[in-house]
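Read through the structure below, which is laid out as structure tokens, and then see the notes.
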Amino acid sequence: MKINLILFWMIAVILPLSSFAQGVDFKSLTMKEAQAVAEKEKKMIFIDFYTTWCGPCKMMSSEVFTQDQVGEYFNRTFVNLKVDAEKGEGVELAKKYQVKAYPTFVVLRADGTEVYRTAGARPADEFVDKIRKGIDPKWSPEGLTRRYEKGERTPELVNEYALLQMESGNGEIGGKVVQEYFDKLSDKKRVKPENFFLYDRYTLNYKDPKADYMFANKDRFIKVNGKEVVEPLLYNWLRQEMIPFVMAKGVPDTGENLKALQDLETKIQKAALANPGCMSELDEIARVRWGGDLKAYLDICREKFASLESKDRFSILLSLGALQEENDTIKTLAAGLLRDHLDEFENTNRRVLYMTLLNLEGKKEYRLRASIDGVKKGKVTVSYFLRGKFEREDYEFDNHMIDISLAGRDTVAASVRLLCEELACPTARGNDYYPHFNFIVVPGEAAVVKVNAEKGKVAELEWQRGGSISHDFVRLNYDLLEADERDYNQLVMDNIIRGGDIRDYPDEFQASWDAGKRRVMAFIRENPNSFISVMELWEHYIWFDENEAEDIYNRFPANLKVSPYGRVIAQRLERSKDSRTGQSAKNFVKKDMNGKTVSLEKLRGKYVLLDFWGSWCGPCRASHPHLKELYEKYKKQVVFINVAQENVKDLNEARKLWKTAVKEDGMTWTQILNNEGRDEYDVVRLFNISSFPTKVLIDPNGVVVSRMVGGMVDAGEILKKVLGK
74 MKINLILFWM
84 IAVILPLSSF
94 AQGVDFKSLT
104 MKEAQAVAEK
114 EKKMIFIDFY
124 TTWCGPCKMM
134 SSEVFTQDQV
144 GEYFNRTFVN
154 LKVDAEKGEG
164 VELAKKYQVK
174 AYPTFVVLRA
184 DGTEVYRTAG
194 ARPADEFVDK
204 IRKGIDPKWS
214 PEGLTRRYEK
224 GERTPELVNE
234 YALLQMESGN
244 GEIGGKVVQE
254 YFDKLSDKKR
264 VKPENFFLYD
274 RYTLNYKDPK
284 ADYMFANKDR
294 FIKVNGKEVV
304 EPLLYNWLRQ
314 EMIPFVMAKG
324 VPDTGENLKA
334 LQDLETKIQK
344 AALANPGCMS
354 ELDEIARVRW
364 GGDLKAYLDI
374 CREKFASLES
384 KDRFSILLSL
394 GALQEENDTI
404 KTLAAGLLRD
414 HLDEFENTNR
424 RVLYMTLLNL
434 EGKKEYRLRA
444 SIDGVKKGKV
454 TVSYFLRGKF
464 EREDYEFDNH
474 MIDISLAGRD
484 TVAASVRLLC
494 EELACPTARG
504 NDYYPHFNFI
514 VVPGEAAVVK
524 VNAEKGKVAE
534 LEWQRGGSIS
544 HDFVRLNYDL
554 LEADERDYNQ
564 LVMDNIIRGG
574 DIRDYPDEFQ
584 ASWDAGKRRV
594 MAFIRENPNS
604 FISVMELWEH
614 YIWFDENEAE
624 DIYNRFPANL
634 KVSPYGRVIA
644 QRLERSKDSR
654 TGQSAKNFVK
664 KDMNGKTVSL
674 EKLRGKYVLL
684 DFWGSWCGPC
694 RASHPHLKEL
704 YEKYKKQVVF
714 INVAQENVKD
724 LNEARKLWKT
734 AVKEDGMTWT
744 QILNNEGRDE
754 YDVVRLFNIS
764 SFPTKVLIDP
774 NGVVVSRMVG
784 GMVDAGEILK
794 KVLGK
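Under this note's numbering, the residue at position 434 of the sequence shown is numbered 507, and the numbers go up by one with no gaps.
As structure tokens, then:
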């Protein structure tokens, strides 16, 4: 019973104490509200300016601001604000206080005037000390300068004043402050712990005279400061000097550099460090690299990597980018080494190595960052077709932010499905429907968008920033959508959920189709400098009269003309030169279904409508009832000729398929099978037919006046326009 009472008392005491150990308490206040609180509580305001993509910002949030001792100081001293510099009020605040790097930390008085600022991530103790001194008039920039100019030269003051100069961009002045202080110290004071900052902060490499002094007096430094403090610093200077010799690029093969390596090896031996770390492994790698055999170099790197420190592995892996111009064997070995060790690193280091890997593989990364207000966390699936192969990748997201990275060589359209329970809609079929949005993968680009997603609603995108190709894709496919298209997209989703049949809405489909065609064609015409225009013209080439397509192509800049899409368009235009509108139709002579000779040349003086089709072509067959109506209406003015192309090698089988389809579709006018006599007259090739159905209208002078490609084009409108009725 007594033990239980003691435990109860301990819990009662400890829990309240632990409830205050929560790190920095960042308030959800506007700037005006924070100023009012600061005025009332007689505090200053501390602002952490961050962005959602900033790695050091995240490190400070997760590793520094969560610590008890940091919270104890900041909560007692400041009204603390966390401000996203790219959202809401943060945009104006960042502009007002001229924030240009992240993270930036600004301390303000209650009236909003600046007291102190610093930037960059630091360990907790160092960060608290930095802020504490920054707001102390004695240690402020003005205070430090005043004290130094009056002749104060304590170790702490010299340390802080030199650092102030260097952080202010006055590196030369800062270096002079340090050197003058060092030169005036006695040998006894040079090894004192209070002056150790001269070596660990202001001695950058082992060629510095201060480093020489420490090497020469190693035993004295160890006696006063301890081996655990001195030897790691000596090792780090030696390691830094060795690193250039182990890099993939390698130092130039000169006698001078070889002597430098030999001198370094001698210095390592003389240093006689109790813990030489991985210096011998680095030296082995350096010697192999000096030999010039890159395969042997990559092999020894792989062999010795387990013995190296993480920072050394990172340096070597990063240097592999220098092998980008080597042969495929070397690049493959280097990429393999990178890929095997990529997951050892995080945040910025991992991304830098990842980009190096992509360069070796001839790829570039595309990154899409999408904020989604309606859902905090969940899963998304990215799917796309690449060179005929279906690809799918899954990503988890959190804190309302989707972050997708894709690597490749090709620009492709992709779809993101939002697999979030908040957005799931049960369908009549018993499964769940999830909304999606489309984007375009552009290797080497990045895009930041906002996703507007609600349950049962079609997802929309809002552009924020990024590459020009991604921007144009969003503009075309979201900003410029017409009302008929938006309505039809929502109708499709509603039908999926309800289990309806979208084919019950042919008028809505037609209105959406027409609006989409207008939208895309207008974009292509108005944006000749956009890669999206080239891609869309390639995809919707048949929508344009080829003379107009050539005019649009000629307005493309040179870099778009030589793109994969631009080259295909150029080939199509070249092939169509003799068959496009305004050109004389090439003559052909064929036998019709009844054995009667049909010669295009002998039909001069009459309009001729050629309908290219096949029994296998659904849209072709679907257009025939309307074609029958047109035949009855215009048969006195126009000669109708159907030219069938059957996709079988056996001629007898082709005839059978053709005749059966003609009979089923009830077509009583002239019927020609292109498969027959194809060696002599290939009508499909003569008229450059690449899509079925295609209809070609030829005037009485034998000139092509219209080409109608696809089943959605109404030949009746063309005939009415040409014939006047």
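For every residue, glycine included, the Cβ atom is placed at its ideal position computed from N, Cα and C.
Distance between beta carbons of R490 and H473, contact taken as under 8 Å: The pair is not a contact, with the Cβ atoms about 18 Å apart (cut-off 8 Å).
Three-state secondary structure assigned by DSSP to M781: strand
Among P499, N715, L646 and V721, nearest to K663 - alpha-carbon criterion: N715
Cβ-Cβ distance between L411 and L396 below 8 Å: no
Continuous beta strand (DSSP E) stretch holding E215: start and end: Note, E215: premise wrong, no beta strand (DSSP E); alpha helix (DSSP H) at P214 to E222.
Pairwise C-alpha distance: E719 and W689: Distance between the alpha carbons of W689 and E719 is about 7 Å.
One or two residues paired with K437 in a DSSP bridge: G481
L534 (DSSP reduced to helix, strand or coil): strand
Same chain, Cβ closer than 8 Å to T670, five either side skipped, listed in chain order: V662, K663 and K664
Reduced DSSP secondary structure (H/G/I, E/B, other) of V524: strand
With 16 other Cβ atoms within 10 Å as the buried cut-off, status of K768: The residue is buried, with at least 16 neighbouring Cβ atoms inside 10 Å.
Length of the line joining the Cα atoms of Y221 and P228: Y221 and P228: Cα-Cα distance of roughly 11 Å.
D684 - containing beta strand (DSSP E), residue span: Y680 to W686
Helix, strand or coil at L426 according to DSSP, with G and I counted as helix: helix
Minimum length 4: unbroken alpha helix (DSSP H) runs contained in the stretch 180-255: Scanning the stretch 180-255 from its first residue to its last, the whole alpha helix (DSSP H) runs of 4-plus residues come out as 197-208, 214-222 and 228-240.
Range covered by the beta strand (DSSP E) that runs through K155: Its beta strand (DSSP E) spans residues F151 to D157.
Residue from E495, M315, N511 and L381 with nearest C-alpha to D19: Examination of residue 19 is not possible in this model, given that the chain is present from 74 through 798 alone.
Unbroken beta strand (DSSP E) run spanning Y123, endpoints: M117 to Y123
Of the residues A717, G739, R677 and F147, the one placed nearest A197, counting alpha carbons only: Looking at the Cα atoms, F147 is the closest of the given residues.
For L108, three-class secondary structure by DSSP: Correcting the residue identity first, residue 108 is Gln in this sequence and not Leu. Correct three-state label for Q108: helix.
Every unbroken beta strand (DSSP E) within the stretch 700-787, with a cutoff of 3 residues, ordered by chain: Inside the stretch 700-787, DSSP marks whole beta strand (DSSP E) runs of 3 or more residues at positions 711-717, 743-746, 767-771 and 777-782, from first to last along the chain.
First and last residue of the uninterrupted alpha helix (DSSP H) at R465: Looking at the DSSP string, R465 is not in any alpha helix (DSSP H); the run it does join, the beta strand (DSSP E), is K462 to F470.
Cβ contact (3+ pairs, closer than 8 Å) linking the stretch 122-135 and the stretch 156-171: yes
Span of the alpha helix (DSSP H) around G371: Correcting the residue identity first, residue 371 is Leu in this sequence and not Gly. L367 to K377 is the span of the alpha helix (DSSP H), which, as asked, contains L371.
D98 (DSSP reduced to helix, strand or coil): D98: coil per DSSP, three-state reduction.
A94 burial status per 10 Å Cβ neighbour count (16 or more: buried): Summary for A94: the model assigns pLDDT 46, below 50, so the residue's position carries little reliability; its value from the coordinates is reported in the next sentence. A94 comes out exposed.
For P499, three-class secondary structure by DSSP: strand
Coil, strand or helix - S652 by DSSP: coil
Sub-8 Å separation of G639 and V593 beta-carbons: no
Whole-angstrom distance between K332 and D326, CA atom to CA atom: When the Cα atoms are used, D326 and K332 turn out to be separated by approximately 11 Å.
Enclosing beta strand (DSSP E) for S392 [first to last residue]: Taken as a continuous stretch (DSSP letters only), S392 belongs to no beta strand (DSSP E), being part of the alpha helix (DSSP H) at S383 to S392.
Euclidean distance between Cα positions of N620 and K650: 9 Å
Rounded Cβ spacing between V188 and V201 (contact assumed at less than 8 Å): Their Cβ separation, rounded to whole angstroms, is 16 Å, which puts V188 and V201 out of contact at 8 Å.
Spatial neighbours of D557 in its chain, beta-carbon cut-off 8 Å, leaving aside the 5 residues before and after: E581, A584, S585, D587 and A588
Counted within 10 angstroms of its Cβ, other Cβ atoms place R645 as buried (16 or more) or exposed: buried
Unbroken beta strand (DSSP E) run spanning L459, endpoints: G451 to L459
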